[in-house]
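In the working numbering, the protein residues as written are 31 to 592.
Note that CB positions come from ideal geometry on N, CA and C, so glycine has one too.
Note that this is a predicted model, so its numbers are computed, not measured.
Worksheet: the structure to be examined is printed underneath.
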Amino acid sequence: MDLRHPHLQTIFGISTLHLEPFLVTLYVNVQPLPHVLRQVPLLNRRAVVLKAAKGLRFLHEHGVTHGNIKAANVYISRSPSRVILAGFGAPGVTGEFAAFGMLPRWAEIDACNAEPDPASDSDIPDVPKWNRHVIPRSRRRVVITNDEPVSSDIVQSAELLLRSTDPRGDVFAFGCFMVEVFSGLAPYENQSALLLLRLALNKLRPPHPGRAAEVLGLDALHWKMCLACWGIDRDEPIAIGDLVDTLGTPRDDIIICPVDWDTDFLARWTKSRVPALDRRIHGVHKLKRGRDIEKKIYELRGTLLSKRLELRGCQVRLRTVPRAVKLIEVPFHRRGSLRDPHDRLAEMMIWSQLQHPHILPLLGTCYYREGRMPAFVVPWMGGGNCTDYVTEHPDADRISLASNVADALEYLHTRAPVIVHGDVRAYSVVVSDDGVACLANFDFRPEQLPTGSFDDSDLNTILHTNRWMGPERIVRTTYSDVFAFGVFMWELYENKIPLSYMDQIDAGIAIEDGVRPARPTTVSADDEMWDLMQKCWRQKPQSRPKMTKVAQLLRDMIAHRG
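Written as structure tokens, this is what we have:
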């Protein structure tokens, strides 16, 4: 049988040396995957998973069981770069036997006391939740960090348990392999990882490993495939062919996040995608009465000159086209750490990947004054921020403005990884002269540093957003964006600061206690809009509608009014 495949180790046969048998394989300059995961932050982990899956599919199509799927049995060749599935192991116990009570004692979980993660599309946690202790329902489940090592006898037992004698066992182990690729932890590397394996073996839904794994590639689709490999919420585990077909489908929702990238590579990446516009921007000047979203002090306006081909009769001419732009100085940006070149480049990298008609685009950068840090160049929005726009246009189409921003948030929340804006309010929305709203004022620190804390370099800014935060406070999730969006819709109609009769601290406490703004009276909101506001700022985060639902409701309102 010829088992040659680009993603399989080439085996020529078996030989012996000193009466000991060994495999004869093609020599390739390779490195084991666990080493590459630690040493190469730029590694495309999704591609590694897909290529390993293709190798496993080839084996299964030829009636061969791998028997020992794990990251240590996958290699990355240097030249040419290839993912090679190797380490055909001795068969052992497979995960499918969990249903027959054949698990070792360490892997057993009392199903009556187990509290698996609910089957929902809730936010992936910022901190790992796979390390939860499974305790009786009568007690509160506590999240703790448990990086304690696993005893050697359990490690050996777990390794044997993940070896397989048939394709179903291979698929089960492949689910654990995916988690290992994106989290960097083998299923038995510590107590936290071991708990995930225990839950999967018992057909209980484990919690997602956490935000860091998501940013590295364990997005909603890949996590769904992990659960499918373990046969959770389905009668049979997924076939490896179906898994390859699903993961191989082209996607347009992936955002590349520069986790642990070095500054030099970041600079090369952004240089090829974020143009330097110094020579094309002219007439930069301050508007002292401008309405800058970042600091509300002044705005910098300039003119971007672009060349465009124009056909006139039989002649093609190159015409200069001016465009009004705004320059956002780094010290005035929402994220206070952008004075650091690495953080600034990371911010530019993520921002430049966002392509949506209601996301304020990053056009490039510009050193408009010698010796200063580069400024971000964005389109000039003549309507100012949303607060000023509705003040100057009392008859503004408020539902359309809300719909524009809802579409932008829906876009952010459906990226891979999910992007949370974290500061949705009228000051973070800018409007064009013709009344089209764009979401702005971003902070992509969580995508660059998924395990870091919030950026506390500008606590004053955080304090000023207190009135838009949900009762869960500092935690940034899609639920908190929905809460803030509900308050933003209220701003559109009332055009006031929410809970303006309280100071910042009292307003935060009041929101935690369930206090919300009263129904708008400055401009009347109909029952449907008022009901949507109230749904968005519900006390319990999980009870709030998803932005996909909110955006659809607003589109329906626009359609129904004719």
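Rounded distance between the beta-carbons of residue j and residue i, thought under 8 Å
i, j, result
"Ala-456", "Asn-496", "Rounded, the Cβ-Cβ distance is 15 Å, inconsistent with contact."
"Val-512", "Cys-468", "Between Cys-468 and Val-512 the Cβ distance is about 19 Å, and since that is not below 8 Å, they are no contact."
"Thr-507", "Pro-424", "Going by Cβ atoms, the distance from Thr-507 to Pro-424 rounds to 35 Å, so no, they are not a contact pair."
"Leu-229", "Pro-217", "The Cβ separation is near 11 Å, so there is no contact."
"His-386", "Val-435", "The Cβ separation is near 11 Å, so there is no contact."
"Lys-316", "Leu-330", "6 Å"
"Glu-189", "Asn-220", "That pair is no contact at about 15 Å."
"Phe-515", "Glu-377", "In fact, because the Cβ distance is near 23 Å, the residues do not count as touching under 8 Å."
"His-48", "Ile-114", "That belief does not hold up - the Cβ atoms of His-48 and Ile-114 are roughly 28 Å apart, past 8 Å."
"Leu-277", "Leu-89", "So it is not a contact: roughly 17 Å between Cβ atoms."
"Gly-313", "Thr-333", "5 Å"
"Met-594", "Met-587", "Coverage of the chain is limited to positions 31 through 592, which leaves residue 594 absent and any answer about it impossible."
"Met-411", "Val-461", "6 Å"
"Thr-444", "Asp-283", "6 Å"
"Ile-285", "Gln-383", "5 Å"
"Leu-529", "Ala-432", "Leu-529 to Ala-432, Cβ: 20 Å. No contact."
Candidates the options, of which the one nearest residue i by Cα
i, options, result
"His-238", "Phe-472, His-252, Gly-117", "His-252"
"Leu-231", "Gly-261, Val-351, Pro-404", "Gly-261"
"Val-274", "Asp-370, Phe-204, Val-461, Leu-393", "Phe-204"
"Ala-589", "Asp-453, Thr-551, Ile-429, Ala-470", "Ile-429"
"His-363", "Asp-453, Arg-87, Phe-518", "Asp-453"
"Trp-291", "Arg-112, Asp-533, Leu-67, Gln-564", "Leu-67"
"Glu-477", "Asp-249, Arg-87, Met-208", "Asp-249"
"Asp-272", "Ala-223, Val-201, His-48, Ile-284", "Val-201"
"Ala-102", "Pro-110, Ala-116, His-92, Arg-399", "Ala-116"
"Asp-463", "Val-420, Ile-504, Arg-503, Met-255", "Val-420"
"Cys-206", "Arg-241, Thr-481, Val-245, Lys-254", "Lys-254"
"Ala-83", "His-96, Phe-518, Pro-71", "His-96"
"Pro-236", "Cys-396, Ser-222, Arg-87", "Ser-222"
"Ser-336", "Ile-284, Gly-538, Gly-394, Leu-431", "Gly-394"
"Asp-196", "Val-459, Ile-539, Arg-87, Ile-449", "Arg-87"
"Ser-194", "Leu-257, Val-245, Arg-34, Phe-118", "Phe-118"
"Thr-552", "Ile-527, Asp-561, Gln-534, Met-532", "Ile-527"
"Ala-269", "Gly-199, Val-70, Tyr-398, Leu-234", "Gly-199"
"Met-208", "Val-360, Pro-64, Asp-533", "Pro-64"
"Arg-399", "Glu-359, Arg-365, Gly-366, Leu-375", "Glu-359"
"Tyr-397", "Gly-412, Leu-357, Arg-365, Met-379", "Leu-357"
"Pro-575", "Ile-535, Tyr-509, Arg-591, Tyr-523", "Tyr-509"
"Asn-98", "Leu-192, Ile-184, Glu-91", "Leu-192"
"Asp-374", "Leu-431, Ile-311, Leu-479, Arg-549", "Looking at the sequence provided, one finds Arg at residue 374 rather than Asp. Nearest C-alpha to Arg-374: Leu-479."
Cβ-based burial, residue i [other Cβ within 10 Å; buried from 16]
i, result
"Phe-295", "exposed"
"Ser-181", "exposed"
"Pro-166", "Residue confidence for Pro-166 is low, a pLDDT of 33 falling below 50, so the modelled location carries little weight; the figure read from the coordinates is stated next. Result: exposed."
"Ser-168", "The pLDDT assigned to Ser-168 is 33, lower than 50, so where the model puts this residue is not dependable, and the model offers no usable value."
"Asn-471", "buried"
"Ala-446", "buried"
"Cys-27", "With the chain covering 31 to 592 only, the question about residue 27 has no answer from this structure."
"Asp-615", "Shown here, the chain extends from 31 to 592; a query on residue 615 therefore has no answer."
"Gln-61", "exposed"
"Asn-74", "exposed"
"Ile-174", "In this prediction, Ile-174 has a pLDDT of 38, which is less than 50 and means its spatial position is unreliable; nothing more can be read from the coordinates."
"Ser-45", "exposed"
"Ser-573", "exposed"
"Arg-568", "buried"
"Leu-348", "exposed"
"Pro-158", "With a pLDDT of 48 at Pro-158, under the threshold of 50, the modelled position of that residue is not reliable, and the figure given next carries that caveat. With 16 or more Cβ atoms within 10 Å of its Cβ, Pro-158 is classed as buried."
"Tyr-531", "exposed"
"Arg-369", "exposed"
"Arg-108", "exposed"
"Gly-131", "Interpretation of Gly-131 is limited by its pLDDT of 49, a score under 50 that renders its predicted location unreliable; the figure taken from the coordinates is listed afterwards. The residue in question, Gly-131, is exposed, as its Cβ has fewer than 16 Cβ neighbours within 10 Å."
Which residues DSSP lists as bridging residue i, in chain order
i, result
"Ser-336", "Val-351"
"Tyr-105", "Pro-62, Ile-114"
"Leu-357", "Leu-330, Val-407"
"Gly-414", "Answer by DSSP bridge pairing: none, since Gly-414 is not bridged."
"Ala-446", "Ile-284"
"Val-460", "Asn-415, Cys-468"
"Gln-345", "Arg-342"
"Ile-389", "Leu-469"
"Ile-99", "Looking at the DSSP assignment, Ile-99 forms no beta bridge with any residue, so it has no partner."
"Ala-269", "Per DSSP, none; premise fails for Ala-269."
"Cys-396", "Ala-405"
"Ile-311", "Leu-334"
"Ala-306", "Thr-395"
"Leu-38", "Leu-115"
Residue i beta carbon near the ligand ATP (any heavy atom closer than 6 Å)
i, result
"Trp-381", "Of ligands this structure carries none, so the ligand ATP is not represented either."
Would the stretch 302-316 count as touching the stretch 497-508 if we require 3 or more Cβ pairs under 8 Å? no
Counting beta carbon pairs with one atom in the stretch 400-409 and one in the stretch 207-218, are three or more of them shorter than 8 Å? no
Quick check: the stretch 435-445 against the stretch 577-586, are at least 3 beta-carbon pairs closer than 8 Å? yes
Using 8 Å as the cut-off, can you tell me whether the stretch 343-360 makes contact with the stretch 264-272, which would need three or more C-beta pairs spanning the two stretches below that distance? no
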